[in-house]
Amino acid sequence: MEHYTADQIQVVTFEESVRARPAMYFRVGRDSPELPTEVLQTVVWDALHHADGTHGRISVEISSDLSFTVEDNRRHTADELGNPLPGFFNSLLDKERWAPAAAAALSVRTIIEVWLDGRGYRQELSGSTPTRPWGEFTAPVANGTLATFELDPTYCAPGEAIAWALLPNELHGEGCDQHPSPATFKIRDLRANGDGGSASE
Numbered sequence: 002m003e004h005y006t007a008d009q010i011q012v013v014t015f016e017e018s019v020r021a022r023p024a025m026y027f028r029v030g031r032d033s034p035e036l037p038t039e040v041l042q043t044v045v046w047d048a049l050h051h052a053d054g055t056h057g058r059i060s061v062e063i064s065s066d067l068s069f070t071v072e073d074n075r076r077h078t079a080d081e082l083g084n085p086l087p088g089f090f091n092s093l094l095d096k097e098r099w100a101p102a103a104a105a106a107l108s109v110r111t112i113i114e115v116w117l118d119g120r121g122y123r124q125e126l127s128g129s130t131p132t133r134p135w136g137e138f139t140a141p142v143a144n145g146t147l148a149t150f151e152l153d154p155t156y157c158a159p160g161e162a163i164a165w166a167l168l169p170n171e172l173h174g175e176g177c178d179q180h181p182s183p184a185t186f187k188i189r190d191l192r193a194n195g196d197g198g199s200a201s202e
């Protein structure tokens, strides 16, 4: 039997894990042309499906082949004073939601807005590292999150791009029929070749 020593054990960060094995998080490997679309779909799935089985309200905007924004109405985790709790990488990426954190690990720039009881918090990340502490502003709605991801063009293979539209059956899975709720949302594609689209149950 082969024995291992402490020197042979390598501890990796969450970001290193995502970048080394993206298929564990996004179903496809780094060399797959579907990776940008799978990253978007995973973030959308997280935003749309709540832990209690219900569907949230979301919107999606694709601004370029490798950048997108997802807005949802899920409440961010907070402390006893109602302030947002630091999440992944000590940022506004909620620790209860791994999908946005994994998407940030594959991005060169991520912008996170958290709306918590009418108070807004905004933070920019370079990769997975916050560039500065989050700032406060007046939130446009009571609760929710808006996240913009600019995927790393040096990580993705040349020519890879987000598909211009998503199909409903790609956003729903086992158990969705047990908790029916409205899940229609608009996908805005701002690219020159995209004419926009919508996905619904």
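Residues 2 to 202 (my numbering) are what the sequence shown spells out, left to right. The beta-carbon is built from N, C-alpha and C at its ideal position, and this holds for glycine as well.
Neighbour-count burial assignment, residue i, 16 or more Cβ in a 10 Å radius
i      : result
Phe69  : buried
Thr146 : buried
Glu114 : buried
Asp80  : exposed
Phe138 : exposed
Glu161 : buried
Gly136 : exposed
Ser65  : exposed
Leu82  : exposed
Ala193 : exposed
Pro131 : buried
Thr155 : exposed
Gly54  : exposed
Extent of the continuous beta strand (DSSP E) to which residue i belongs
i      : result
Arg110 : Ser108 to Leu117
Tyr156 : Tyr156 -> no beta strand (DSSP E), and no H or E assigned at all.
Arg192 : Unbroken run through Arg192: none, as it is neither H nor E.
Phe138 : Gly136 to Thr139
Ser127 : Arg120 to Ser127
Contact check, residue i vs residue j, beta carbons under 8 Å
i      : j      : result
Ala102 : Val40  : no
Arg120 : Ala140 : yes
Val29  : Ala48  : no
Leu107 : Pro23  : yes
Phe90  : Ser129 : yes
Thr78  : Leu86  : yes
Glu126 : Asn144 : One detail in the question is off: residue 126 reads as Leu in this sequence, not Glu. Not closer than 8 Å, so no.
Tyr122 : Leu93  : yes
Thr14  : Phe27  : no
Residues near residue i by beta carbon distance below 6 Å, same chain, minus five either side
i     : result
Ile63 : Phe69, Ile163 and Asp190
Arg58 : Asn74
Arg31 : Pro23
Residue interval of the alpha helix (DSSP H) (run including residue i)
i     : result
Arg20 : Phe15 to Ala21
Ala24 : Ala24 to Phe27
is_contact[residue i, chain B] using C-beta, thresh 8 Å
i      : result
Lys187 : Protein chains in the displayed structure number just one, and chain B is not present.
Continuous alpha helix (DSSP H) assignments of at least 4 residues falling wholly in the segment 38 to 86: none
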